[in-house]
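Report on the following structure.
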Amino acid sequence: MLLYDTALAPNSKRVRIFLAEKGISIPMRSVDLLALEQKGEDFRRINPMGAVPALALDDGEVLTESVAICRYIEWLHPEPPLLGRDGREQAFVEMWQRRMEFSLFLPVAMVFRHTHPKLAAMQQPQLPDYAASLRPRAIEVMRFLDGELSGRPYVAGDAFTVADITAFVAMGLTKLAGIEVPDDLLHLARWRQDVSARPSAAA
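Using this note's numbering, the first residue of the sequence shown is number 18, and each one after it goes up by one.
Listed below in structure tokens is the structure:
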């Protein structure tokens with residue numbers, strides 16, 4: 018297998034953290050996003066959507082979308098389970114993963130894409146007003162998550178899961194997106210500190 022990756026993309030970071038939590042290594046090839054390599058003809062033969070990550074399988078097929086890649090890795094390497102240990106737990110992990118992806122990760126990422134000057138060539142057009150409309154939503158979800166984390170150590174329950182990975186990468190983007198995290202979100206701050214201390218956070 019070969020993972021097409023980039024240090025710049027938050028979705029790629031989600032996969033790298035997932036792999037690090039599993040304790041496995043996959044050969045990687047870096048894609049230069051700022052040079053728009055992902056939009057070139059060569060890379061579009063790998064992923065016609067022109068995005069990373071992309072996992073080229075040994076049979077020639079290519080799997081894209083970060084959570085889909087994580088699901089395949091989980092099937093190959095079930096331990097430790099990051100998508101839930103049984104049907105009930107998997108359903109709740111999926112619920113929280115989707116909540117974090119659509120309600121936190123996506124708004125923060127869109128603010129980043131539509132405001133950061135280095136992404137102007139990638140995001141055409143950049144829409145600052147759209148970004149401004151998403152900032153309050155991101156803060157609202159952080160407050161919601163802070164309340165949830167007052168009663169458990171991780172996003173989806175007692176175990177670290179893919180939902181934590183998605184939320185952690187989203188929170189890591191807030192500085193680049195110019196989103197100030199409120200100081201009074203103490204449970205969220207505790208959770209971030211705990212996740213940051215995991216070796217996988219540096220992936």
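All C-beta atoms, glycine included, are put in the ideal place defined by N, C-alpha and C.
Are the beta-carbon atoms of Ala187 and Val125 separated by less than 8 Å?
For this step, residue 187 is matched to residue 170 along the sequence shown. For this step, residue 125 is matched to residue 108 along the sequence shown. It is a contact, given that the beta carbons lie within the stated cut-off.
Looking at the structure shown, is Arg46 part of a helix, part of a strand, or coil, going by DSSP?
Here residue 46 is taken as the residue at index 29 of the sequence shown, counted from 1. It is a strand residue.
Among the candidates Glu38, Pro44, Ala52, Val212, whose CA atom is the shortest distance from the CA of His94?
Your numbering for residue 94 matches position 77 in the sequence shown. Closest by alpha carbon: Glu38.
What do you reckon, are the CB atoms on Ile182 and Arg31 nearer than 8 Å?
Here residue 182 is taken as the residue at index 165 of the sequence shown, counted from 1. Here residue 31 is taken as the residue at index 14 of the sequence shown, counted from 1. Yes, Cβ-Cβ distance for Ile182 and Arg31 is below 8 Å.
Comparing alpha-carbon positions, which option in Phe122, Leu123, Ala52 lies nearest Ala137?
Taking the sequence shown and counting its residues from 1, one reaches residue 137 at position 120. Checking every option, the nearest Cα to that of Ala137 belongs to Ala52.
Is the distance from the Cβ of Val79 to the Cβ of Ser29 below 8 Å?
By one-based count along the sequence shown, residue 79 stands at place 62. By one-based count along the sequence shown, residue 29 stands at place 12. Against a cut-off of 8 Å, the Cβ pair of Ser29 and Val79 comes out as no contact.
I think Ala73 touches Leu19, with their Cβ atoms under 8 Å apart; what is that distance to the nearest whole Å?
As a first step, residue 73 is located in the sequence shown; it is residue number 56 there, counting from the start. As a first step, residue 19 is located in the sequence shown; it is residue number 2 there, counting from the start. Correct: roughly 4 Å between the Cβ atoms.
Whose CA, out of Ala108, Leu123, Gly67, lies closest to the CA of Ala184?
Here residue 184 is taken as the residue at index 167 of the sequence shown, counted from 1. Ranking Ala108, Leu123, Gly67 by CA distance to the CA of Ala184 puts Leu123 first.
For Asp22, does the three-state DSSP call read helix, strand or coil?
Against the sequence shown, residue 22 aligns to sequence position 5. Note: Asp22 maps to strand in three-state DSSP.
Between the stretch 136-152 and the stretch 199-218, do three or more beta carbon pairs fall short of 8 Å?
no
Which complete beta strand (DSSP E) runs does the stretch 41-125 hold, if anything under 3 residues is left out?
45-47, 71-73, 79-81
Roughly how many whole angstroms lie between the Cα atoms of Leu121 and Arg152?
For the purposes of this step, residue 121 is taken as the residue at position 104 of the sequence shown. For the purposes of this step, residue 152 is taken as the residue at position 135 of the sequence shown. Whole-angstrom Cα-Cα distance: 10 Å.
I believe Val172 touches Met117 by the beta-carbon criterion, under 8 Å. Please report the beta-carbon distance rounded to the nearest angstrom.
The residue given as residue 172 occupies position 155 in the sequence shown. The residue given as residue 117 occupies position 100 in the sequence shown. Correct: roughly 6 Å between the Cβ atoms.
Indicate whether Val84 and Gln114 have their beta-carbon atoms separated by less than 8 Å.
Position 67 of the sequence shown, counting from 1, holds the residue named residue 84. Position 97 of the sequence shown, counting from 1, holds the residue named residue 114. Cβ atoms of Val84 and Gln114: closer than 8 Å.
Looking at the structure shown, is Gly195 part of a helix, part of a strand, or coil, going by DSSP?
Here the question's residue 195 lines up with position 178 in the sequence shown. Note: Gly195 maps to coil in three-state DSSP.
When DSSP builds the beta bridges, which residues end up paired with Tyr171?
Residue 171 sits at position 154 when you count from the first residue of the sequence shown. In DSSP, Tyr171 forms a bridge with Gly174.
Please name the residue, chosen from Ala214, Phe109, Ile86, that lies closest to Ile43 on a Cα-to-Cα basis.
Here residue 43 refers to the residue found at position 26 when the sequence shown is read from its first residue. Measuring from the Cα of Ile43, the nearest candidate turns out to be Ile86.
To the nearest angstrom, how far is it from the Cα of Ala24 to the Cα of Ala218?
Walking along the sequence shown from the start, residue 24 turns up at place 7. Walking along the sequence shown from the start, residue 218 turns up at place 201. Near 13 Å, if we compare the C-alpha coordinates of Ala218 and Ala24.
Would the beta-carbon of Arg33 fall within 8 Å of that of Ala194?
Residue mapping note: residue 33 aligns to position 16 of the sequence shown, counting from 1. Residue mapping note: residue 194 aligns to position 177 of the sequence shown, counting from 1. Judged by their CB atoms, Arg33 and Ala194 are not nearer to each other than the 8 Å cut-off.
Taking the alpha carbon of Asp163 as the point to measure from, which residue in Phe60, Val198, Ala71 has its own alpha carbon closest?
Taking the sequence shown and counting its residues from 1, one reaches residue 163 at position 146. Ranking the options by Cα distance to Asp163, first place goes to Val198.
For Ile41, count neighbouring Cβ atoms within 10 angstroms of its own Cβ and tell me buried if that reaches 16, exposed if not.
Position 24 of the sequence shown, counting from 1, holds the residue named residue 41. With fewer than 16 Cβ atoms within 10 Å of its Cβ, Ile41 is classed as exposed.
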